[in-house]
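Okay, so here's the structure we're looking at.
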Amino acid sequence: MILSKDYEEEDGYRDFRPRYPKRQRLPPVVQLCKDMLPDIRTIGESVKAFEEDIKFLSEAIINEFGNDEYFNSALLSTFNALILEQPHKQPAIALLTMVVNSGNEVAGKTIVNQFYEKLQKWISASADDDFEVTSNETGPWNKVKLTLRFLSLLSPIISVEEIIGVYRKLFELAVELNKASGEKRNPLSEAIYTNTLLDIPYLFFFNRESEELKLKVQDLMLYVESNYFVKKVDLSLTREYNKNLPYAPVQWVQVVLTNVKNCLANDMKELKNLFPDYQHMLGSLPAELQFNDPLVLPELEKLLPFSGLDKGLGSVDSMWKTPRTAFQVYLPNVVGAFSTVVPVTSYAGMLFDDIIVDIVESLEFNRHEVARQVVTLDLYFKPGIFTEPGLSVAQLLAQHEETPELSTYKIEDLAIENILGLIFKLPTVTQSFAYFYTLLVEICQNSPKAIAPVFGRAFRLFYNNLDNMDHELKMRYLDWFSIQMSNFNFSWKWNEWEQDSIAFSKSFYNPRITFAKNLIRKELRLTSNRPDVEDSLTVEFKQYLDASYITKNQLTAYYQSLFEGFEFDPEIIKDNDLLFKNEAFPFHDKVQLILDYFHKQQLEKNVSELESLLEDIRTTCSAQIPDFDRFTVTLLIQALVYSGNRSLSHANKYISDAKNDLVMILGKIALSDVVKEQWIIEAVIRYWNCNSQNGFLIVDSFKHSELVTAKSILAFSFSDLNGQNLGLVEATSIESTFRTLTQLALQQTSDISVFEFVFERLVTIANETISQLGMPDEEIVAPLVDNESMLDDDELSRLDLMWKYESTMGFIKSILRKYSDEYSILLDKFKSDVDQSVSHEPTRAQLNQWFQEICEL
């Protein structure tokens with residue numbers, strides 16, 4: 003319809019076209035920021051466009067800075083975010099700042115003083131009880147490191163006296179803290195010492211010819227070398243491997259000085275091979291800038307209470323709480339006569355590790371960006387340091403044989419190794435495991451052909467060292483491996499591990515067999531499509547597809563033990579089903595009525611009805627049920643769990659609704675709570691025999707309802723069944739133990755009896771195992787396996803006891819480390835008890851060593 007110009011709505015027509023408000027035009031300064039700031043955030047990501055970007059951005063900043071506070075604030079905020087969250091881009095921001103300074107000295111001086119003030123702010127915050135920590139907070143001292151690094155890059159426009167003065171004050175503080183701690187290690191001192199040394203080469207990034215700067219740095223290095231005493235502390239409690247370490251541990255504090263000295267030696271040859279040369283872009287430099295105010299450091303007495311770095315100051319700062327050690331995965335000479343990662347015993351290697359950790363920790367809120375940045379880090383350094391991205395090991399080997407002088411370092415290996423180092427960080431991780439695991443999945447999904455083989459080599463290293471790996475780290479490895487497999491169709495070359503299975507499939511404690519069993523069971527829990535897992539396995543490993551907590555025979559024996567003179571067909575035992583409602587049992591109709599009772603609304607229930615049903619069963623079947631108390635607990639608990647078996651929240655509701663009834667009925671059983679609680683836990687775990695993870699989680703629900711205690715759960719987990727202790731090797735039980743103890747630790751109660759119980763129970767298991775082995779008191783337990791020969795049953799049984807002993811000692815090591823605050827209170831008692839109860843000298847010596855080390859955690 004065409005409407006005339008004099009159309010009026012009163013004529014009977016309406017225009018139904020939507021009315022949109024006129025689009026507001028953004029103020030020019032806001033539009034400029036929207037256009038320019040994204041380019042600053044991605045600066046350096048295009049090497050070809052880098053010079054053009056610097057020219058374009060510097061011109062805009064020169065023209066706009068100082069005209070509008072909105073622009074100034076947005077620009078400085080962007081600079082700050084990049085400097086702290088993406089430190090590999092610092093040289094680009096520094097170059098941009100110096101080019102801007104040459105055209106707008108006010109802008110240059112403002113930026114310099116803004117970050118000098120930031121430096122003062124972070125130093126002051128380091129002794130502030132009210133310092134707020136967010137998930138991506140790396141810590142004030144880590145921010146001091148990064149802010150000083152940025153100021154060091156600006157050395158061409160900052161007075162040498164000023165910038166060296168900052169370094170000297172920080173080194174003097176590190177020396178004072180170190181001396182104040184006597185012979186004991188001071189974590190903050192080591193952090194300041196290492197971080198500040200790591201920044202020194204950045205003074206020469208744009209300023210390689212200044213003789214004054216060289217002399218000042220030389221004097222500074224002499225001061226540090228003469229006055230800082232590195233204390234050697236080797237904590238076996240935080241070692242990733244218990245024995246036969248695949249590499250010699252390297253502590254950052256022990257190699258950083260040598261690394262920096264080597265970097266600056268020989269006319270800075272190493273530095274020039276590391277940092278790209280942008281000096282031709284600097285142009286003319288104005289007079290040197292001075293800082294507005296002298297740097298003020300907290301008084302030593304005020305800083306000392308914070309120097310343990312255990313007050314939640316941030317993720318990276320907290321990594322210095324114990325000696326910071328390089329974690330290695332891609333070991334030299336494994337794939338060829340070369341290394342695929344830059345060694346931490348070089349300045350470049352330490353710096354790359356430092357930058358990757360900072361990116362991963364500070365950008366935790368943007369996993370996608372982290373996944374992209376860590377594998378493109380090489381773009382910000384001199385070409386040739388790393389080999390071509392995505393090069394396979396076979397290609398790398400061929401290249402190395404043909405042209406040995408070409409680099410063999412892979413940026414993918416370096417990135418993955420550092421993320422794995424954070425996953426395997428002891429004594430605690432810095433972020434949630436979910437973040438690290440999903441980050442690795444993301445990196446692999448971005449480039450599966452390049453990254454999947456990198457993962458594969460890590461899988462193999464850890465698997466080959468399972469015999470020696472820390473107990474807690476085996477669980478982290480299991481989690482990582484299973485998550486990766488579940489995200490990649492459970493595809494793995496299981497045939498690589500077949501010989502271990504053939505040799506040790508009858509073993510209960512062999513670490514490789516327990517790992518394979520736990521991995522397959524975990525994969526089954528991670529998918530609703532069981533054939534996906536089954537199809538991925540070779541014939542040899544299909545024998546581990548039974549995810550049951552105990553065997554079918556053991557489960558049958560459990561149920562049969564409730565009856566006398568009455569037997570049932572084991573085939574009627576079904577997963578996730580209540581056995582007692584089967585028609586094979588004469589009381590099955592009463593069981594159905596008990597289920598109906600649990601399904602009733604709360605107001606409709608009367609416990610006398612439940613008691614009457616139980617009494618009916620007792621009257622008619624007492625001859626067949628010798629221990630009716632135990633039967634009563636088992637029946638009620640399994641009926642309750644069956645009623646709520648759809649989900650954990652469903653189970654929680656039924657347990658909560660039935661709590662008062664259970665308390666009343668259980669209260670009439672004239673036995674100790676310990677016995678009744680063991681029956682409850684056993685009933686739950688046996689019901690969920692096909693999925694013990696659900697079982698232990700529901701046991702937790704009974705604990706929250708105060709129907710069982712933490713101690714009872716742990717007593718059940720570490721009890722022997724037919725001479726075997728599932729609590730040492732079965733993943734869901736181990737997870738339950740750590741979860742139970744962690745919940746107690748978070749409650750911060752004064753009752754530490756549960757921690758005491760677990761330690762003493764494990765020591766008892768170790769003692770019993772030594773006794774079964776018949777070991778001389780002075781002989782070390784060391785399972786030695788000759789892979790060339792088949793083991794007979796006696797040899798395998800003896801080896802299995804040795805693996806049991808190692809599992810037990812590994813568990814003790816993990817709980818002493820993980821709950822050191824709780825166990826430190828018990829040390830005097832433990833020392834006395836161990837001296838009296840442990841006759842095996844190597845065991846006693848190891849426990850006493852760990853007791854001493856707890857004080858260092």
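With positions in the sequence shown counted from 1, the corresponding number in this note's numbering is that position plus 2.
By construction, the Cβ of each residue, glycine as well, lies at the ideal position given by its N, Cα and C atoms.
- With at least 16 other beta carbons inside 10 angstroms of its own, N74 counts as buried.
- Under the three-state reduction of DSSP output, M471 falls in the strand class.
- Nearest neighbour of R763 by Cα position, chosen from A454, F832, Q774, turns out to be F832.
- Cβ neighbours of W254 within its own chain (closer than 6 angstroms, five residues either side excluded): T196, R326.
- For D537, the enclosing alpha helix (DSSP H) begins and ends at 532-538.
- CA-to-CA, the gap between I113 and E371 works out to about 26 angstroms.
- Annotated as proximal: E474 and S816, with beta-carbon spacing under 7 angstroms.
- Within the same chain, V783, P785 come within 6 angstroms of M804 by CB-CB distance, once the 5 residues on both sides are set aside.
- Taken through DSSP and simplified to helix, strand or coil, T529 comes out as coil.
- Rounded to the nearest whole angstrom, the C-alpha separation of N466 and R241 is 17 angstroms.
- Buried is the label assigned to G110, since at least 16 other Cβ atoms lie within 10 Å of its Cβ.
- As computed with DSSP, Q253 is found in a beta bridge with T327.
- Annotation: the continuous alpha helix (DSSP H) that includes M811 extends over 795-820.
- Below 8 angstroms, too few C-beta pairs join the region 227-236 and the region 441-461 to call them touching: fewer than three.
- DSSP lists L723 as the beta-bridge partner residues of Q726.
- Take L775, set aside five residues on each side of it, and the residues of its chain with a beta-carbon closer than 6 angstroms to its own are L803, in chain order.
- Boundaries of the alpha helix (DSSP H) harbouring Y439: 435-448, taken from the DSSP string.
- Per DSSP, reduced to three states, the secondary structure at Y551 is coil, with no helix or strand assignment.
- In this structure the region 289-300 lies against the region 160-177, because at least three pairs of beta carbons, one per stretch, are closer than 8 angstroms.
- The region 121-133 makes no contact with the region 79-87, as fewer than three CB pairs between them are under 8 angstroms.
- Between the alpha carbons of P391 and R374 lies a gap of roughly 13 angstroms.
- A Cβ-Cβ distance of about 5 angstroms is found for the pair L526 and A549, placing them in contact under the 8 angstroms criterion.
- Where Q116 is concerned, the enclosing alpha helix (DSSP H) starts and stops at 107-127.
- Taking P844 as the centre and dropping the five residues before and after it, the same chain places the C-beta of E780, E781, I782, V783 closer than 8 angstroms to its C-beta, in chain order.
- With a cutoff of 7 angstroms on beta-carbon distance, V346 and N420 are scored as not near each other.
- Under the three-state reduction of DSSP output, L190 falls in the helix class.
- Annotated three-state conformation of Y349 is helix, per DSSP.
- Distance from the CA atom of Y479 to the CA atom of S238, rounded to whole angstroms, is 20 angstroms.
- In its chain, beyond the 5 residues on either side, G646 have a beta carbon closer than 8 angstroms to the beta carbon of H652.
- Beta-bridge partners assigned by DSSP to L291: I160.
- Bridge partners of Y411 according to DSSP: none are assigned.
- The DSSP-derived three-state label of Y332 is coil.
- With the rule of 3 Cβ pairs closer than 8 angstroms, the region 657-669 does not count as touching the region 715-735.
- For M38, the uninterrupted alpha helix (DSSP H) segment begins and ends at 30-43.
- For a cut-off of 8 angstroms, the C-beta gap from N103 to I159 is around 6 angstroms, short enough to register as a contact.
- Non-local beta-carbon contacts of P288 in its own chain, meaning distances under 6 angstroms to residues more than five positions away in sequence, involve E107 in chain order.
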